[in-house]
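The next block holds one structure in the form of structure tokens; read it before the comments.
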Amino acid sequence: MTSSSYFRYPHVHQDLLTFTAQDDVWVAPLAGGRAWRVSAEQSPPRNPRFAPDGKSLVWTVTRGKAPEVVAVPVDGGPVSQLTYWGHAGTKVKGFTPDGRLLVTSAFEQADSRLTWAYALEPATGRRERLNYGPLDSVAFGPVVGDERPVVVSSVLSREPAAWKRYRGGTSGKLWIDADGSGEFSRLVPELDGNLCDPMWVSGRIAFLSDHEGHGNLYSVLPDGSGLRRHTDFEGFYVRHASTDGTRIVFESAGNLFVLDSLDSEAVQLDITLGAATGARTPHLLQAGKHLNEVVPAADGRASVVESHGTVHWLTHRGGPARVIAGEPGVRARLGRPLGSGHVLYVADNGGEEALYIRALGAASPQPRTMARTAPAEAAPAGSENTPVEENGDGGGAAQLPKPVSAQAVNVDTFRVDVPADDGTGDAQGGPGSGTKAAAPAAAVATGATPAAAPRAGDGELRRIDYPSRTRAAQTAASPDGARIAIGTEFGEVLLVDVSAGTMDLVSQTPAGAVGELSFSPDSAWLLWNEPADPEGNHSRLRLAAVAPAAGQERIVDLTDGRFLDFSAGFTTDGKYIAFLSRRSFDPVYDSHSFDLSFPAATKPFLLALAADTPSPFGPTVDGNPHPEDADTGSKDNEKAPEVRVDTAGLAARIIAVPAGQDRYEALHPVAGGLLWQVDRTIGTTGDGLANTTDKPAAAALDRLDLATGKVTRVVEELDTFRVSGDGRWIVTVHGEKVNVLPATAKASDDADDDTEVELDRIVLRLDPVQVWGQAFDEAWRLQRDFYYTPDMAGTDWDAVHARYRPVVDRLGSHDDLVDLLWELHGELGTSHAYVTPSPEEEEGAGAQGHLGAVFESTPDGWAVAAIIAGESSDPQAFSPLEAPGVAVRTGEIIAAVNGMAVPAAGPDALLAGTAGKIVELSIRSAPGGQPGGEGGTATLRKVAVVPLKSEERLRYQQWVAENRAMVRKASNGKFGYLHVPDMMPRGWAQLHRDLDTETAADALVVDVRRNRGGHTSPLVAEAISKRMDAWCLSRGQEPQIYPPQSPRGPVVVLTDEFAGSDGDIITAVAKLRGIGPVVGMRTWGGVVGIDGKFALADGTEVTQPRYAFWFRDGQGFHVENYGVDPDIEVPFAPHDHLAGNDPQLEAAIGVLLEMQQEIPTVRPPELAGHRNVAPAALPPRP
């Protein structure tokens, strides 16, 4: 096995080099050799930097819920925490010329992406914000007399290697203040690339750029002339460059390089880690923490459990767990019980997914050694791919040893002959097809030679390949175990004949992945729901005969796709199909604006399959059935009921179940009834909950009794549920808990029939290195299969895999894998190719607490300099110091926190881990409320507060209020201002907070700067593009505009480079529709959207750019990787932030003032000139 050698974040001091590897910080001789570990936290560190004297190191590492700056002596010693800011964007950048630590963070900002620079005194912890505005990095030049030059690089949307050749609005830019006067200008603006990591080196400014198509190191003179390239990397980007003023060190593909000077060539450093860590060592995991699907067997006595890419058979009431699929470096998923003694699952053994069937109780035959063959696609018809044994004899079927615990065997793919269960025919193509199925063979983890894979006739393991490359989304097994159905992400429905090993295409739709699959009780029919449009707003139920008779139509459309029909299944007696459908049209009036919506449009329905089957809820001649006559599910050895389908008149046999419309999520028939899961949440942001710390209500499970029509709450809280094949048992999952209870009625709290399944019986032992290899390959495959254009936009994706895959063997931690996946995705040069692991958190630690105020050090202690103004309609935008009964005022001193005196560095350290918890503050003030008043004695009082987890929402609302006040002041109170922070529910809420008031102004600024995107741009565009058509006038009331909330005057749209995704789209639509002139800067440039559908086995989310936007009027696909140009460009330079100006908002106001000359504000008419309804005088008779 290759040892870990994936090194990151280098920095140099004299003859020493520091870097990160295996989730720790290391130091090594710059000349190369053995490195020694400086940290031992096994938590991903970032950006280690030597102090100017070389005696200590600083870096960021997770403390609580966010990275914080820590320091440690180079020669060893205790770790000191220097910051308590509680912000995910905190990074160490180096040191200032006067020896203070340079750190970037956005913990005091209204937008968590816009990091600012701080100078931090390591000894005291005191900080100074450097008012260069939002930035990524700062490079201080040599001080010459009074000149103190500085270069800053702009905020990046992501590191250049993670979006290669990015050219959108946030592409990295360099700004230079050549003499320290505070006036900045663009440095090398002619370079069309993504620039970052500026460094002053020997009188020149070095930086990284990809303006020539590849990420390399460049330098220029301070005036921007004399451009030179110093590296020639093409395969991987140069990353994380740093300098000591003469030498530059950087990384590329996890290797470290040094340039001794700008006249030297880059030399790779030969470094060996001096001690191994446990990051690459196989270890045990808790199955419950990585739980995926739990599917019960037909009799409800056991379940197939999927956890972290492994599949297990677990009895519900004690007993050992049995590994079904647990090969290292292979992900298994979609496990289902098959018949009475087998389990099916999908796995990617050999690098491509296939269907596997394993017997539960087969004995393990003795393995036979054999030579390996390369993984391959299914062989052409007529070919033979039987492995050759090492003794040279061919023939014979390979056999697998039985694994003893998860991931205890090492599986490679072999091409073997796998006949059907009866020993005749071929697994893939059926009798006589000549096509052989691929099956895995195994080697014992200790290094034993691979064993032969079994024949299907031995009952051990079978592999059946797909007819063509695809990815399974759903699987289902027929009750008799003879058939398997597979629904794919590409809209295919595949039907497998288990005995013959054949796989046939039943149906395919271009509208997207099919929904739930289920078989009829007699295994004769297959049911699924199929999308009827790519948006997912409509779907139809379809039924296919498993073995259609001659002349019989195989597929029957049960519904026509007018509505969204889903979660369908056969009742246990085979008479009905039960399903959910969004076909209830009982709207609700909106509370904030004139609108109607359908928040709970789903109802349960039955469909009678036979024409003579009555409604179970309708009147009958014999009256209602007795409860004891109700269906109690299938019994052991009981013959399954024959299902009859009369295709004529199906639509007329849809029966409404007597249950009101609701937010139903899932439905499943059970013995004598129906189960459905109900979403009980109200709202989407959580702001409507009783407390901001509350969790949204979990879903509940209800049971309807078909005999009585009575609905009973069965489970109060759950995430998902499944029903056993006999319809008598329910398996529920809630968090890390799995419970089994009867489906016939609600189990009592102390009843033995409500059982919690002990998941700790599953032995989940994973080999990280092989897990990372599988994860990398799967992430690569997902892009290959789901990227929006099959030609990968010109990228040779196979070549990319060949280049990157060897690097996986050098990884030292999961964080390294995430880093490599980001760079892999970056090869696509496309937006929205994200990698999102589970948040890094310190186990058992709480989040940093914040008090919603600005503090300053005074001779009397740390005083409240300002309290951030809150917003009463936003429950997360308030200062704890303004809570009722607290009433802390500016100037008062925070003397102690929970009885501990505030240290010289301020109260932050005492607020660590206190977010959301009650904290006691000791407040010191003088008599009369004047702290430190002359001639008076200071008083001390104690108050209880609950610190915030973040001040971002609070500071955001203050920023909006300040912008609105600026607009009011500049327009003499006549103009309105709206800001839309994103195109998600939060942004929709923010828009409507002041929509009535601001659209009633004479003119309107619609600010979409910093818009984070989402999907509500069509709604926002509709809201801001309304125009007055009429007025409604009434005596004694102010006139009402029609349509409501129409802007009454000209509109200006304000945008910038941080408006992205749906923020790009709203900007483009504003121009296309002529809503108003667009002022600001070119937008982000990312409009190939995602659906967030896929995650790796460990839960890491990986997204594939799948939905490319094309715009009319000649724009086409141009917005992607470019952005939307404003009509009036207004930069926001660093010196504007230094001066406290907002030139973009000022320009927008100026544009509105000019527009008013030509587009006057509409005014309501006087209540005059109306029709006179008085009758005319009666004319005389003729």
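Counted the way UniProt numbering counts, the sequence shown spans residues 1 to 1182.
Note that CB positions come from ideal geometry on N, CA and C, so glycine has one too.
Excluding its 5 nearest sequence neighbours in each direction, Leu-102 has C-beta neighbours in its own chain below 7 Å: Lys-93, Gly-94, Phe-95, Thr-96, Ala-117, Ala-119, Val-138, listed in chain order.
Contact between Val-670 and Gly-727 holds, with the beta-carbon distance rounding to 5 Å and staying under 8 Å. Looking at Gly-1086, Ile-1128, Arg-1048, Glu-128, the one whose alpha-carbon comes closest to that of Arg-1163 is Arg-1048. Along the length of the stretch 1067 to 1106, whole beta strand (DSSP E) runs at least 3 residues long occupy 1078 to 1080, reported in chain order. Its chain contains Tyr-84 as the residues whose beta carbon lies nearer than 6 Å to that of Asp-908, once the 5 sequence neighbours on both sides are disregarded; these appear in chain order. Counting only residues of its own chain and dropping the five nearest sequence neighbours on each side, Pro-599 has a CB closer than 8 Å to the CB of Val-588, Arg-663. In this model, Pro-531 and Pro-658 are separated by some 26 Å (Cα to Cα).
Beyond the five residues adjoining it in sequence on each side, Trp-862 comes within less than 8 Å, by CB distance, of Phe-855, Glu-856, Ile-893, Ile-894, Val-902, Gly-906, Pro-907 in the same chain, given in chain order.
Uninterrupted beta strand (DSSP E) stretches at least 3 residues long and entirely within the stretch 673 to 738 occur at 673 to 678, 699 to 705, 711 to 718, 720 to 723, 729 to 734, given in chain order. Arg-703 and Phe-107 have their alpha carbons spaced roughly 48 Å apart. Between Gln-848 and Ala-915, the C-beta gap is smaller than 9 Å, which places the two residues in contact. DSSP places Lys-974 in the coil class of the three-state scheme, outside both helix and strand. In the displayed model, Thr-83 falls within coil according to three-state DSSP, outside both helix and strand. DSSP places His-312 in the uninterrupted beta strand (DSSP E) bounded by 310 to 315.
For Phe-95, DSSP records a beta bridge to Leu-101. The residue among Asn-349, Gly-335, Gly-350 with its C-alpha nearest the C-alpha of Val-343 is Gly-335. Assigned with DSSP and collapsed to three states, Ala-1021 falls in helix.
Per DSSP, reduced to three states, the secondary structure at Ala-608 is strand. Segment contact: the stretch 820 to 839 against the stretch 155 to 164, three or more CB-CB distances shorter than 8 Å; contact assigned.
Taking one beta carbon from each stretch, the stretch 1098 to 1108 and the stretch 1054 to 1068 have fewer than 3 pairs nearer than 8 Å; the two do not touch. DSSP places Gly-826 outside any beta strand (DSSP E); the residue lies instead in the alpha helix (DSSP H), whose first and last residues are 814 to 826. Rounded to whole angstroms, Asp-1064 and Lys-1071 show a C-alpha spacing of 11 Å. Contact between Ala-775 and Leu-314 is absent: CB atoms are separated by about 25 Å, not below the 8 Å threshold.
Taking the Cβ atoms as the reference, Tyr-787 lies roughly 6 Å from Gln-1104, within the contact range of under 8 Å. A Cβ-Cβ separation of about 6 Å places Leu-135 in contact with Val-155 under the 8 Å criterion. Annotation for Thr-60: no alpha helix (DSSP H) segment contains it, though the beta strand (DSSP E) segment containing it runs 56 to 63.
For Gly-987, there is no enclosing beta strand (DSSP E); the enclosing alpha helix (DSSP H) has its first and last residue at 985 to 993. Of the residues assessed, Phe-1117 falls on the exposed side of the cut-off, its CB having fewer than 16 other CB atoms within 10 angstroms. Taking 9 Å as the cut-off, the Cβ atoms of Pro-1044 and Phe-605 do not count as close. Leu-1145 sits in a helix when the DSSP states are folded into three classes. Contact between Ala-697 and Leu-718 does not hold, since their C-beta atoms are separated by about 11 Å, which reaches or exceeds 8 Å.
A direct Cα-Cα distance of roughly 6 Å separates Ala-302 from Pro-296. For Arg-46, the closest alpha carbon among the candidates Ala-743, Ala-961, Thr-18, Ala-912 is that of Thr-18. Residues Thr-246, Ser-261, Leu-262 of the same chain have their beta carbon placed closer than 7 Å to that of Ser-202, with the five preceding and five following residues left out of the count. Taking C-alpha positions only, Arg-889 is separated from Gly-125 by approximately 25 Å. With distances taken between CA atoms, Asp-557 lies nearest to Leu-543 out of Leu-543, Phe-566, Pro-806, Ala-549.
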